[in-house]
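Per the UniProt record's numbering, residue 1 is the first one in the sequence shown, and the count goes up by one each step.
Here's the structure, in structure tokens; my notes come after.
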Amino acid sequence: MSSAQALARYIAVDLGAESGRVQLGTVAGGRVKLEEIHRFANGPVRLPNGLHWDVLGIHREILTGIKAAARRADGPIDGIAVDAWGCDYGLLDRDGDLLGNPFHYRDHRTDGVMEQVLEQIPAEEIYGATGIQFMPFNTIFQLAAHKGSAQLDAARALATIPDLLAYWLCGRLAGERTAASTTQLLDVHTGDWARELAVRIGIPAQILPPLVDAGTVLAPLRPEIAAESGLDPVPDVIAIGAHDTASAVVSVPARGKDFAYLSSGTWSLLGMELDEPVTSEEARAYNLTNEGGVDGTIRLLRNVMGLWLVQECRRQWAREGVDHDYDALHRMAQATPLGGPLIDPDAPELLHPGDMPARIAELCIRSGQEPPKDAGATIRTALESLACKYRLVLERIERVAGRRAEVVHVVGGGSRNATLCQLAADILDRPVHAGPIEATALGNVMTQALAQGKVDSLAEIREIVGASFSSDVYEPSTDRAAYEELYARFLSVTGLAPVADFAPTQGTNP
């Protein structure tokens, strides 16, 4: 029986590629409330050997946030959990100490590594076991790039970023399955590590940690952290959907199963929730990913480059002395007419940090289009291209899943981007429901509540979130001709094949 009427308080540590947040969540009376307690900047640090995360700095900020949340709460804290991005990891030695700063997934050291691994083991075999989209920065390829290094030779355990930070909070190292699924080293059929695959690539299988499901109570918070933070009684550290998208999908306020979700931020993660993985040749050829979800679900989705394009444009213009804020950029984009140049937002040239406006312009010129003339037109190109890519990806997912998504739920920071949400509705030709913004932190909090029996099911979580937060609804335009022409031109200039014309024998389509 649900005890959602009872009061419970949770600290959610939610880490993104641009910023981290520590939030205080309160669940009571069939409602959930969130309060942002501490926000901090996050980003890469360049060292002589490449691009890294300042993971010690992140841990320091988490401790600051926990202490602030303890002061803010008007009662005991019931649990603490960490979610973060996927693929990146730390290596620990035999004493459990970190062997160097974790690399950032946009570091160049993995350039060409995926192709080398696929020469050794066919893509069909890796995909058949793991069901994961091929991306050059997947953990499997990062570890292959690490092969032969002093760090990997000395390693006794691997910890994904959220698992590492949870370990530092409670002392128990475990591989939470939704985060583990992003490594491309988890067997999607058994839910266990694909150890034989790891060994064949030269990755020592003994570093893969014991696995736990989302909703597992790991251990109490370390006594010294609890004492310093003033937390009494000492709360539990809980494994939730440690991959941030897994937590975000938990709080999608959907009813039934005929929906798609778009977790919109630095990355756009577009997909549908299934009961079983799909590892068919067609799914592999579409480069779809079967990532683990909370409550045994599968997230059949595709990573799309996302608002990274806008973020990196803004950084470049700031370097040139013009510091547009995001609201100004979106207003300029909205004022730019429909129908400018289009690009494939997943072009490899756009993955790494650098002069994004120049790269977008170069892609336009290369495809025979006039490049954008100003900042507003550049952002408009990025947003229209993203919305067109969403349509292509969603049509592929629907074909593989065998059902249609009647509505698309956009959650995360990108749900505030009215221009992108309306473009998505128009080009996808279906309603888009935008919100909640803090979906990942909400999923984090609600999965902690599920772990402690405060709520009974994923369906109840979604009812509570829907009752607690409103959504903005974007209806598709009735002017279908304009948007069909836009989408057809996107396919033409990018060379991407529509679903109707695509044959799996063409191989992995980007």
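We put the beta carbon where it would ideally sit given N, CA and C, even for glycine.
query	result
Tell me the residue span of the alpha helix (DSSP H) that contains R156.	From DSSP, R156 is part of no alpha helix (DSSP H); its letter is neither H nor E.
Return the residue from the list A180, D163, T182 and A179 that minimises the CA-CA distance to L173.	D163
Does DSSP put F259 in a helix, in a strand, or in coil?	strand
Please list, in chain order, all residues of the same chain as F134 whose beta carbon is under 7 Å from its beta carbon, the five residues on each side excluded.	M114, A123, N287 and T508
Can you confirm whether the region 75 to 95 touches the region 174 to 183 when touching is taken to mean that 3 or more C-beta pairs between the two stretches lie within less than 8 Å?	yes
When you compare only the Cα positions, how much space is there between Q369 and G354?	22 Å
Measuring alpha carbon to alpha carbon, tell me which residue in K373, I77, R60 and G30 is nearest A12.	I77
Return the CA-CA distance between P44 and Q316, expressed in angstroms with no decimal places.	16 Å
Considering only the alpha carbon of each residue, which of V445, G340 and I66 lies closest to E485?	G340
Along the beta strand (DSSP E) that carries F40, what are the first and last residues, could you check?	R31 to A41
Between L7 and A318, what straight-line distance do the alpha-carbon atoms span, to the nearest angstrom?	46 Å
Give, in chain order, every unbroken run of the alpha helix (DSSP H) that is at least 4 residues long and sits entirely within the region 449 to 497.	458 to 468 and 480 to 494
Taking only runs that begin and end inside the region 347 to 422, name each unbroken beta strand (DSSP E) of 3 or more residues, in chain order.	407 to 411
Do the region 457 to 469 and the region 244 to 263 touch if we need at least three Cβ pairs shorter than 8 Å?	yes
Between P102 and the rest of its own chain, which residues show a CB-CB distance below 7 Å, the 5 nearest in sequence each way excluded?	H52, W53, V55, D88, Y89, G90 and I161
Note down, in chain order, each residue of its chain lying with its Cβ closer than 8 Å to the Cβ of V400, except the 5 sequence neighbours on either side.	V278, S280, E282, A283, Y286, L288 and L300
Roughly how many angstroms lie between the CA atoms of K373 and L338, to the nearest whole one?	14 Å
Between Q452 and G75, which are expected to be in contact by the criterion C-beta below 8 Å, what is the C-beta distance as a whole number of angstroms?	The Cβ separation is near 15 Å, so there is no contact.
Thinking C-alpha only, which one of W267, V294 and G265 is nearest D275?	V294
Per DSSP, what kind of secondary structure is I11 in: helix, strand or coil?	strand
How close, in whole Å, do the beta carbons of H433 and S477 come, if the pair is a contact with beta carbons under 8 Å?	So it is not a contact: roughly 17 Å between Cβ atoms.
Taking C-beta to C-beta, are A260 and L269 nearer than 8 Å?	no
Write down the C-beta distance between T494 and V250 rounded to the nearest angstrom, noting that I regard them as a contact closer than 8 Å.	With 8 Å as the limit, T494 and V250 do not qualify as a contact, their Cβ atoms being about 33 Å apart.
Just to confirm my understanding: we take S492, look at its own chain, exclude 5 residues before and 5 after, and list those with CB closer than 8 Å. What are they?	none
Quick one: Cα of T110 to Cα of T139, how far?	10 Å
Is DSSP giving W168 helix, strand or coil here?	helix
Can you check DSSP and say which residues form a bridge with S264?	S268
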